[in-house]
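Before any comments, here is the structure.
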Amino acid sequence: MREGLYDWYSPDGSKIFTFTPGNYGWAVMIWKFLEEDAITGFGRLHHRSQLWSEYFRLHNIPPHYAVVISNDAEEPANYKTLVDEWNRIVALADVPLPTIKHSTAEAYFATVNVPQANLEKVSGERPDLWLYIHGPAHYQAIKAKRKAGILLPAAEMFTTLNKVVDKSSGDYPKAAFNEAWMASIYPDHGWGGKNGDITDRIFRDTLEFARDKGKELLGNALHALAGKIETRKNAVVVFNDLNWQRTNPVTIQLDEKTARNTLVKDPTGKPIASQLVKGENGYELQFIANEVPSLGYKTFYLSNGKSPQAAPASVKQHTNYYENEFYRITLSDGGIKNLFDKTLNREILNTTKFKGGDIINGGYQGNGAGEFTQVTPPTPGDLLAISSQVAHWQIVESGALFTTFENRQHMQHTEVIQQIRIYHTIKKIDMDITLTNFDGIHNRQFRMALPLEMDRFTINYEVPMGMVEVGKDEMKTVPGGWAWGGTYRQQPAEINPREIQNLISANGEGFGLTLSSCVAVADWVDPSREAVAYPVLQAILLSSHKSCHGLGNWYEQKGRHHYSFSLLAHEAGW
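In the numbering used here, the protein residues as written are -7 to 566.
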């Protein structure tokens, strides 16, 4: 924000008092108020305070000008000699001059935040411009961070519930939680930089530690709670950490022989459908846990027997076609060509340009933290969609719960595996994208696209503790602060892509489509040179750009990366 004093409002009407110098390091890096003798340095400062005298008068604020001493990796400095020298000059001067004093932020606020002050007001979302420094540039690390963000709160909840059941607060693993939470927030904005590959590795290790510790603590709590539940033999207890009732697939790790000869039963003893899946770590048995209570559990049972492994008779499917009671789907080059929602009685996708689940491989010349005034867009004209190549879809899994279609194709610099999993009896489509053997070429970006059949639409996405509607909930003024690239002159509503929590949703023309995502950055604007007007929801998978530091590392991310998404068509409204 431009330099000034503000009341910063939350959507609920509450506010906090804030101050910004316009750029955190300008006083040290550019104006150099305190790097020379007192007359030279504070002479500049005196001129600055004169410039700001009208601001203090206009807003009825006591005229105390703040200098924030801040810079990247700056050591503490002793300015006492300079301050004393200037104040001696003030005492001897024939004209009134301002004195200088050291202060804490709290003391300064107490001086200027007076009841009669007429402060500037700020409200609304200001989208993050530095969204490429972490998510797409450090996907594996941020994936671990997001996982920790789910596991640790769940572990705290169920550990507490276990202590409530025990009627005891003793032995709460406070130290272990503190260690895990500290690891989950340890990485700061300093990804990359000089010797950045070392920094990035340390950051990733701490986030993976937080994820693993969260899994361990949650497992301990759930095992303790499950042991207190009265069950019959071979019970499977499914817990729900959300504060609403939940229906979701559940996966159990079993050896192949056991998995092939196991029947799943609901709490009443009635057999329910299950499906055998060969995963990366062995065999899994999957079933649907219906209506698991909020912050509660539901018990299922395993017994000898065989569950039917064929798709229900009502399902129609071929190598590039699928139909159940919810959707009618056709696959073609690039992904889903037609996605007809039978409950809404309408086509969901507009696939004249991109297909549903299309992979976009394009150029990107930005550097993450170097997005100092505006996010760098993809390189115009340097874009290739996998839908321009011939696909070879085949059914790789089909059973009582779901059918999985797969397409494997070579794309420049990587091999792409697209999987689309459609559930038979619940309205759920999952998409898995795997980039294998990525060669780490510089300045490339990969996206997954969902083009929607909407002419008029709104975009909503999740932020910490809330939802934002694009064009409505952002700040209504240009921020006006300063950076190496100039002044922040872009209207916040115009910024894209956006940093998201877990979902992004497009709504209009009588329906909506919500994409839940494993990635941290999403878009809705066609990234190609001849952009279409309808929304193209995108998950930004990978970006192999350079750190902003002159001696910084490239974020090459060679190797294999796996991404998971779930999409749902629904009535309009997120």
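Glycine is no exception: its CB is placed at the ideal position from the N, C-alpha and C atoms. This structure is a prediction, so every number in the text was calculated from the model and none was measured.
A direct Cα-to-Cα measurement between M149 and H405 gives close to 44 angstroms. When DSSP states are grouped into helix, strand and coil, L393 belongs to the coil group. A441 sits away from Q381, with the two beta carbons spaced by 9 angstroms or more. Less than 9 angstroms separates the beta-carbon of P179 from that of H126. Note on P128: 16 or more other CB atoms within 10 angstroms of its CB, so buried under the neighbour-count rule. Spanning the alpha carbons of A147 and K207 requires a straight line of approximately 8 angstroms. C-alpha of L26 to C-alpha of E98: approximately 22 angstroms in a straight line.
Taking 9 angstroms as the cut-off, the Cβ atoms of V157 and L217 count as close. Around the C-beta of T506, 16 or more other C-beta atoms lie within 10 Å, and the residue is accordingly described as buried. Residue nearest to G500 within the set G349, Y526, K257, G373 is Y526 (criterion: CA-CA distance).
Residues F9, F11 of the same chain have their beta carbon placed closer than 8 angstroms to that of F101, with the five preceding and five following residues left out of the count.
Judged by DSSP in its simplified three-state form, A498 adopts strand.
At least 9 angstroms separates the beta-carbon of N79 from that of L(-3). No Cβ-Cβ contact shorter than 9 angstroms links A30 with V59. Under the 10 Å beta carbon count, S379 is surrounded by 16 or more other beta carbons and is classified as buried. If you draw a 10 Å sphere on the C-beta of T243, you find fewer than 16 other C-beta atoms in it, and that means exposed.
With respect to the C-alpha of G502, the residue from V470, G432, E563, L376 having the closest C-alpha is E563. Taking the Cβ atoms as the reference, H553 lies roughly 6 angstroms from L534, within the contact range of under 8 angstroms. Taking 9 angstroms as the cut-off, the beta carbon of G472 is found closer than this to the beta carbon of M(-7).
By the CB criterion at 9 angstroms, K468 and Y319 fall outside the cutoff.
Per DSSP, K207 is one residue of the alpha helix (DSSP H) stretching across 188 to 218. In this chain, the alpha helix (DSSP H) harbouring N154 covers 131 to 158.
When DSSP states are grouped into helix, strand and coil, I8 belongs to the strand group. Q549 is a Cβ neighbour of S536, given a cutoff of 9 angstroms. For S41, the enclosing alpha helix (DSSP H) begins and ends at 30 to 50.
By alpha-carbon distance to A109, the top candidate from P54, S115, T73 is P54. In this chain, D76 is not harboured by any beta strand (DSSP E); it is covered by the alpha helix (DSSP H) spanning 72 to 84.
DSSP places N170 in the uninterrupted alpha helix (DSSP H) bounded by 166 to 177. Under DSSP, the beta-bridge partners assigned to K270 are Y275.
The continuous alpha helix (DSSP H) containing T250 extends over residues 248 to 252. Non-local C-beta neighbours of N435 in its own chain, meaning closer than 7 angstroms and more than five positions away in sequence, comprise G355, Y356, Q357, S536, H537, ordered along the chain. If you draw a straight line from the Cα of K186 to the Cα of I352, it comes to about 31 angstroms.
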